[in-house]
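Accompanying notes for the structure given below.
Number of protein chains: 2
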Amino acid sequence: MNVNNKSFANISMAVIRRLPKYHRYLKELLDKEIYRISSKELSRLIGFTASQIRQDLNCFGGFGQQGYGYNVEELYNEIGKILGLDKTYKLIIIGAGNLGQAIANYTSFEKSGFELLALFDINPKLIGMKIRDIPFRDVDELEQFTLDNHVDIAVVCTPKEFAQGIVDKLNEKNVKGIWNFAPTDLKVPKDIIVENVHLSESLFTLSYLLNEREIENNKQE
Amino acid sequence: MNVNNKSFANISMAVIRRLPKYHRYLKELLDKEIYRISSKELSRLIGFTASQIRQDLNCFGGFGQQGYGYNVEELYNEIGKILGLDKTYKLIIIGAGNLGQAIANYTSFEKSGFELLALFDINPKLIGMKIRDIPFRDVDELEQFTLDNHVDIAVVCTPKEFAQGIVDKLNEKNVKGIWNFAPTDLKVPKDIIVENVHLSESLFTLSYLLNEREIENNKQE
DNA sequence: TAGATTGTTAATCGATTAACAATC
DNA sequence: TAGATTGTTAATCGATTAACAATC
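Residue numbers (full-length UniProt numbering), protein chains in the order written: chain A, 1 to 221; chain B, 1 to 221.
Set out below in structure tokens:
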């Protein structure tokens with residue numbers, strides 16, 4: 001259930017959020033047919049310090065070999081397992097506007113084991129249509145759907161006004177996680193995990209950084 | 001150019017990334033016609049400690065008043081200024097698939113001063129069409145466009161294979177920042193600021209957390 | 001004035017980096 | 001074996017929290 005009998009529970013979020021990046025870079029190495037890498041080389045690629053890379057990986061087990069480095073394929077697979085990408089997940093998308101549809105069209109998620117069951121929307125024009133064989137359903141059916149079906153991840157792409165109301169209708173026992181794109185913080189039962197993608201927070205951060213740079217440039221003049 | 005003559009340059013990214021969240025919660029308070037708040041009350045709402053809130057805000061100046069708290073409207077406006085939301089920004093979207101179009105349709109960004117000039121795509125079916133009066137243009141025109149026009153933010157929504165090539169064509173002098181949705185790390189001249197939204201990293205983090213919870217639950221059995 | 005709450009310094013906590021013995 | 005590089009401990013750095021004097 002876990003790697004090398006180590007529990008995952010004490011891993012800090014800082015480490016966890018670096019794992020997908022390791023995974024991505026290791027995939028790129030594999031695609032380039034590079035099968036061996038040292039923490040030092042990986043550091044140069046990915047931008048973390050070699051020390052941090054070794055620390056991070058050692059949270060989950062000793063994947064490397066002294067004097068040699070890491071086997072890229074093995075490390076890629078192990079990190080995949082740590083991320084749970086060896087499992088499959090049932091998804092539903094709630095709010096099938098452009099953003100919901102964009103996510104529905106990402107076949108790369110499907111390749112990683114994220115299987116989309118349905119898209120829910122209030123727009124009657126959409127109901128009955130399909131994206132890649134996945135049906136659009138009426139949001140009125142949502143409550144019953146999560147009573148009848150196990151859903152690992154509900155992807156919330158509704159306007160912020162509706163997000164909380166929608167989430168309250170999800171069956172707590174059948175829905176394990178929420179991937180939230182609505183610009184609001186959702187209140188959920190403690191067993192449901194929420195991962196937020198707050199686009200405006202990202203854009204405003206960029207705006208801040210552009211402004212900070214501006215200030216610096218003006219100083220130098 | 002900066003608030004209270006303090007430079008912004010030494011503010012940590014941890015603080016910066018919390019600013020948009022303060023901004024959002026203060027807006028909600030204003031909408032509820034709450035005009036005064038203490039760090040303690042704000043802490044209960046937003047989930048940061050009162051101490052952290054006071055520390056964060058003091059990076060930029062003393063916005064509060066002892067014994068009273070903070071004036072919500074004033075604080076909202078000041079944080080808006082700090083984030084650069086009192087300015088306007090010219091945007092272009094590169095890659096006008098579902099995701100690019102989703103962003104183009106977010107009128108809330110426009111309300112915050114982010115003005116979309118054009119969407120660029122390779123799909124000939126799109127070229128010449130419009131979203132909210134904003135034209136789709138051929139990506140072949142991109143290079144010339146950024147030579148002729150000042151662009152504050154280029155939003156990259158292309159598949160990852162094309163992202164770096166596209167970015168290399170942007171005129172360094174006229175493009176200040178990149179909001180990158182392509183699942184890759186872009187190499188850019190040092191004057192250009194990149195803010196990444198890596199959706200798959202977010203989804204994989206959620207996957208990890210679901211899995212971690214699973215492990216914990218199994219232990220307790 | 002008395003109570004409340006900030007601004008700010010000091011203490012603590014956690015994350016990152018450095019160093020090096022272990023070992024392939 | 002000698003060289004390379006990990007795994008891991010210790011040192012450093014930075015961020016968060018606690019505490020409290022200042023003051024509205």
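Ideal Cβ placement from N, Cα and C applies to all residues, glycine included.
The CB of residue 171 of chain B never comes closer than 8 Å to any CB in chain A; the least such distance is about 16 Å.
Closer than 9 Å at the C-beta level to chain B, one finds these residues of the segment 187 to 214 of chain A: 191, 193, 194, 195, 196, 197, 198, 199, 200, 201, 202, 203, 204, 205, 206, 207, 208, 209, 210, 211, 212, 213, 214. When 7 Å is used as the limit between beta carbons, residue 105 of chain A is near these residues of chain B: 98, in chain order.
Burial is judged here by how many other beta carbons sit within 10 angstroms of a residue's own beta carbon; residue 208 of chain B has at least 16 and is buried.
At least one C-beta of chain B is nearer than 8 Å to the C-beta of residue 24 of chain A. Distances from the CA of residue 165 of chain A to each of A:202, A:174, A:94, A:197 were compared; the closest alpha carbon is that of A:94. When only Cα atoms are considered, residue 113 of chain A and residue 53 of chain A end up about 26 Å apart. Short of 7 Å from the beta carbon of residue 49 of chain B, and not among the five residues preceding or following it, lie these beta carbons of its own chain, in chain order: 43.
A straight-line Cα-Cα distance of about 25 Å links residue 186 of chain A and residue 19 of chain A. Contact check for residue 200 of chain B against residue 189 of chain B fails: the beta carbons are separated by 8 Å or more. Under a criterion of Cβ atoms nearer than 9 Å, the residues of chain B adjacent to residue 109 of chain A are, in order, 199, 200, 203. The beta strand (DSSP E) runs of length 3 or more contained entirely in the segment 2 to 74 of chain A are, from start to end of the chain, 69 to 71.
Beta-bridge annotation (DSSP): residue 93 of chain A is paired with A:119, A:155. Using a CB distance cut-off of 8 Å, residue 152 of chain A counts as an interface residue toward chain B. For residue 136 of chain A, the uninterrupted beta strand (DSSP E) segment begins and ends at 134 to 138. For residue 77 of chain A, the closest C-alpha among the options A:55, A:60, A:89 is that of A:60. Residue contact check for residue 124 of chain B against chain A: no CB pair falls below 8 Å. One thing to note: residue 120 of chain A has its Cβ within 8 Å of the Cβ of residue 142 of chain A. Less than 8 Å separates the beta-carbon of residue 23 of chain A from that of residue 80 of chain A. Comparing alpha carbon positions, the residue from B:171, B:167, B:138 closest to residue 179 of chain B is B:167. For residue 127 of chain B, same chain residues with a beta-carbon under 8 Å away, outside a window of 5 residues either side, are 121, 136, 137, 138 in chain order.
In the three-state reduction of the DSSP assignment, residue 188 of chain B falls in the coil class. The three-state secondary structure of residue 113 of chain A, taken from DSSP, is coil.
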